[in-house]
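Reading through the structure tokens given below for one structure.
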Amino acid sequence: THEIKSFVQYKDLIEDTVKGLLSVTEHVVTPSENITLTGKTGIDGSGGHKARHQLVDYTKSLQENPHLDPESYKNYLLMCFCPLQLSTIKKDGTKAVIWENNMPNSISYTRPLSLIRASESRDVIEKEYGGIFSEIMTNTKQDISIAKQNSQININLHIENVVSMVDGKMVSTLQGDSGSPCHYCGHSVNEINNLIYILKGFAITKSFESCQTTWRSIKNENIMWSDSARQGQCHKPLVEVKFHAILHWKLRSFDFALQIYYRLVAGVYEWGESNRANMVFVTAAKKEAIDHVRCKTGMLIDTVTAGGGTTNTGVMAEKILSPEHRDNICSLIKNKENRENFDIFLRDLNIMLAVTQGTRNDVNIDKLKQLGIDIMYHIRTKFLDHKGNAWVPINPSLHSMCAHSWELFQICSGPIMQYSEQAQEHWNKFVSRYKSGPGARARQHGVRININDIFARMLIMTHPVVANKRRLITCSHCHQIGHSSRSLAHHSYGPIKEERALIDSYFNK
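Heads up, my numbering is the position in the sequence shown plus 35, with the first residue counted as 1.
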């Protein structure tokens with residue numbers, strides 16, 4: 036295994052978390068009680084980290100272990116577990132919730148399982164996390180002893196853990212289907228953009244078992260040269276993944292909308308970048324659009340930040356797509372028909388994101404399904420070139436959201452946003468902050484000491500007893516604990532009440 040890492044055993048973390056959750060609740064544990072722990076797990080890599088004083092220590096590690104990647108000291112690989120709910124069954128057979136995570140997308144209860152100095156590669160993930168994946172899929176029951184008044188009480192714990200806090204790149208690695216544009220249905224790019232398929236609708240057909248079956252057929256060379264049968268399967272699936280990349284639906288869909296915007300402003304009705312002459316106009320239009328949006332709204336879009344990211348964050352997407360700024364943004368598009376079509380696209384996309392990224396679970400499934408079909412149909416029929424051909428291909432993330440979100444709401448017992456990878460992504464900033472620099476919280480004597488300090492700090496911060504004492508986020512709109520008004524489906528951006536009412540119509544009364 037990789038040498039430079041800090042970790043805790045999966046069973047030990049589960050036991051420590053359950054004991055901590057029971058200690059902060061008023062639930063009275065009874066002998067042989069059956070308790071169910073529902074949670075989510077995720078993996079994410081981050082790069083571009085500096086070693087500073089730790090570089091000498093790492094050079095020594097390279098001499099001792101030639102198999103280490105020379106560039107891996109710049110990268111971290113973090114695996115976390117987040118408890119969502121603790122429940123039990125009453126004597127009458129009904130479910131009783133002991134504890135519920137009101138902040139499922141906060142780092143407060145998102146506990147670290149492993150922190151490794153390594154690149155985000157399939158070989159490292161399979162080597163380091165293969166054992167944990169097996170435990171997640173097989174270890175669904177665990178006996179835990181609780182100390183109570185100088186005695187030990189044994190409880191039967193049932194674990195429902197879902198691997199969901201992953202982005203699109205990690206899903207491709209874990210499912211092994213990097214050749215597929217959609218990890219839910221396995222349809223090809225042509226089928227995703229085909230109007231017949233769009234109107235017919237897409238269904239979730241991929242599962243861990245189906246990926247395993249496909250991989251076995253590939254190994255036996257039964258479907259080696261059949262792309263339709265392979266469904267993008269290129270490697271062995273490592274673990275079952277569900278409700279994945281929900282946060283990236285918003286980020287990638289927003290980027291997709293901006294790419295359409297730049298081309299409409301430039302008057303270039305071509306998606307590819309092979310035509311250099313057209314790309315000159317698109318680049319100029321992008322600069323003009325960024326200046327226009329900043330002048331009209333005061334917000335800076337699609338610009339690289341000092342930290343290496345961009346200003347296209349989730350908060351920025353919500354503000355730009357809101358009805359408050361939509362007219363000012365669309366006014367830069369000279370063609371009236373394109374301007375109206377893009378306005379409709381932004382409106383429908385805003386509604387879709389408000390519903391799927393919201394905290395409510397009483398979603399009208401039929402209306403949400405039809406909205407997704409309408410968005411995809413609008414893209415393929417309203418954005419046409421001079422010959423009347425569709426020139427905007429549907430983005431894979433947009434397809435996943437529009438085609439499959441309604442079905443995910445059916446599968447999930449609550450809002451699908453609770454399975455988002457937001458907390459996993461958020462930890463990357465804290466790891467970088469703790470590691471080195473002016474605000475470092477870890478010793479700088481060496482890589483091992485540094486990574487152990489970071490991991491220990493994360494483990495203590497997220498212990499239920501400590502996390503329970505943290506300041507709770509309260510919504511200014513509904514006064515509930517666990518979210519802000521920004522995460523509400525009926526958020527208050529903009530003065531247009533009709534659109535907020537339209538968003539509310541996608542929920543059952």
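We put the beta carbon where it would ideally sit given N, CA and C, even for glycine. Keep in mind the model is a prediction, meaning the values are calculated, not measured.
Can you tell me where the alpha helix (DSSP H) holding residue i begins and where it ends?
{"i": "residue 407", "result": "400–417"}
{"i": "residue 270", "result": "No alpha helix (DSSP H) contains residue 270, which DSSP labels as neither H nor E."}
{"i": "residue 328", "result": "311–332"}
{"i": "residue 149", "result": "Careful: residue 149 lies outside any alpha helix (DSSP H), inside the beta strand (DSSP E) at 146–151."}
{"i": "residue 252", "result": "243–254"}
{"i": "residue 493", "result": "482–496"}
{"i": "residue 290", "result": "281–301"}
{"i": "residue 365", "result": "358–365"}
{"i": "residue 391", "result": "371–391"}
Take residue i and list the residues in its own chain whose beta-carbon comes closer than 8 Å to its own, dropping the five residues that flank it on each side.
{"i": "residue 49", "result": "72, 116, 177, 192 and 194"}
{"i": "residue 148", "result": "42, 43, 45, 48, 76, 114, 115, 116 and 167"}
{"i": "residue 348", "result": "286"}
{"i": "residue 543", "result": "397, 398 and 399"}
{"i": "residue 232", "result": "222 and 226"}
{"i": "residue 494", "result": "43, 146 and 147"}
{"i": "residue 242", "result": "275"}
Residue j and residue i - do their beta-carbons sit closer together than 8 Å?
{"i": "residue 356", "j": "residue 388", "result": "yes"}
{"i": "residue 201", "j": "residue 78", "result": "yes"}
{"i": "residue 199", "j": "residue 277", "result": "yes"}
{"i": "residue 485", "j": "residue 477", "result": "yes"}
{"i": "residue 144", "j": "residue 497", "result": "yes"}
{"i": "residue 391", "j": "residue 451", "result": "yes"}
{"i": "residue 190", "j": "residue 68", "result": "yes"}
{"i": "residue 129", "j": "residue 499", "result": "no"}
{"i": "residue 429", "j": "residue 228", "result": "yes"}
{"i": "residue 74", "j": "residue 112", "result": "no"}
{"i": "residue 123", "j": "residue 70", "result": "yes"}
{"i": "residue 386", "j": "residue 537", "result": "yes"}
{"i": "residue 188", "j": "residue 64", "result": "yes"}
Please list the terminal residues of the continuous beta strand (DSSP E) segment that includes residue i.
{"i": "residue 218", "result": "Note, residue 218: premise wrong, no beta strand (DSSP E); not H, not E."}
{"i": "residue 187", "result": "187–200"}
{"i": "residue 134", "result": "130–135"}
{"i": "residue 431", "result": "No beta strand (DSSP E) holds residue 431; the alpha helix (DSSP H) holding it covers 431–446."}
{"i": "residue 499", "result": "Note, residue 499: premise wrong, no beta strand (DSSP E); alpha helix (DSSP H) at 499–502."}
{"i": "residue 555", "result": "This structure leaves residue 555 out entirely; the chain is present only between 36 and 544."}
{"i": "residue 120", "result": "111–124"}
{"i": "residue 177", "result": "176–182"}
{"i": "residue 42", "result": "40–42"}
Comparing alpha-carbon positions, which option in the options lies nearest residue i?
{"i": "residue 445", "options": "461, 470 and 397", "result": "397"}
{"i": "residue 294", "options": "269, 273 and 325", "result": "325"}
{"i": "residue 203", "options": "475, 480, 455 and 535", "result": "455"}
{"i": "residue 183", "options": "124, 54 and 173", "result": "54"}
{"i": "residue 422", "options": "303, 162 and 404", "result": "303"}
{"i": "residue 342", "options": "82, 142 and 60", "result": "82"}
{"i": "residue 402", "options": "51, 440 and 365", "result": "440"}
{"i": "residue 60", "options": "383, 321, 133 and 222", "result": "133"}
{"i": "residue 460", "options": "139, 131 and 63", "result": "139"}
{"i": "residue 135", "options": "537, 540 and 503", "result": "503"}
{"i": "residue 289", "options": "351, 170 and 482", "result": "351"}
{"i": "residue 438", "options": "374, 404, 448 and 470", "result": "404"}
Which residues in the same chain as residue i place their Cβ atom closer than 7 Å to its Cβ, once the five residues preceding and following it in sequence are excluded?
{"i": "residue 339", "result": "345"}
{"i": "residue 36", "result": "Residue placement at residue 36 is flagged as unreliable, the pLDDT there being 41, under the threshold of 50; the coordinate-derived value follows with that caveat. So the list reads 162 and 163, once near-sequence residues are dropped."}
{"i": "residue 127", "result": "none"}
{"i": "residue 141", "result": "458"}
{"i": "residue 368", "result": "299, 300, 374 and 377"}
Please go through the same chain and pick out, in chain order, the residues whose beta-carbon is closer than 6 Å to the beta-carbon of residue i, but skip the five residues on each side of it.
{"i": "residue 214", "result": "267 and 269"}
{"i": "residue 505", "result": "143"}
{"i": "residue 301", "result": "316, 317 and 320"}
{"i": "residue 488", "result": "477 and 478"}
{"i": "residue 530", "result": "Confidence is the limiting factor: at residue 530 the pLDDT is only 44, short of 50, which leaves the residue's position unreliable and the question unanswerable from this model."}
{"i": "residue 381", "result": "356 and 361"}
Does the beta carbon of residue i come closer than 8 Å to any beta carbon on chain B?
{"i": "residue 409", "result": "The displayed structure is made up of one protein chain only, and chain B is not part of it."}
### Query
Counting pairs of beta carbons, one from the segment 209–221 and one from the segment 270–285, are three or more of them closer than 8 Å?
yes
### Task
Take every Cβ of the segment 247–266, pair it with every Cβ of the segment 461–478, and state whether three or more of those distances are shorter than 8 Å.
no
### Task
Determine contact between the segment 224–240 and the segment 408–416, defined as no fewer than three beta-carbon pairs at a distance below 8 Å.
yes
### Three CB pairs or more closer than 8 Å across the segment 347–367 and the segment 413–420
no
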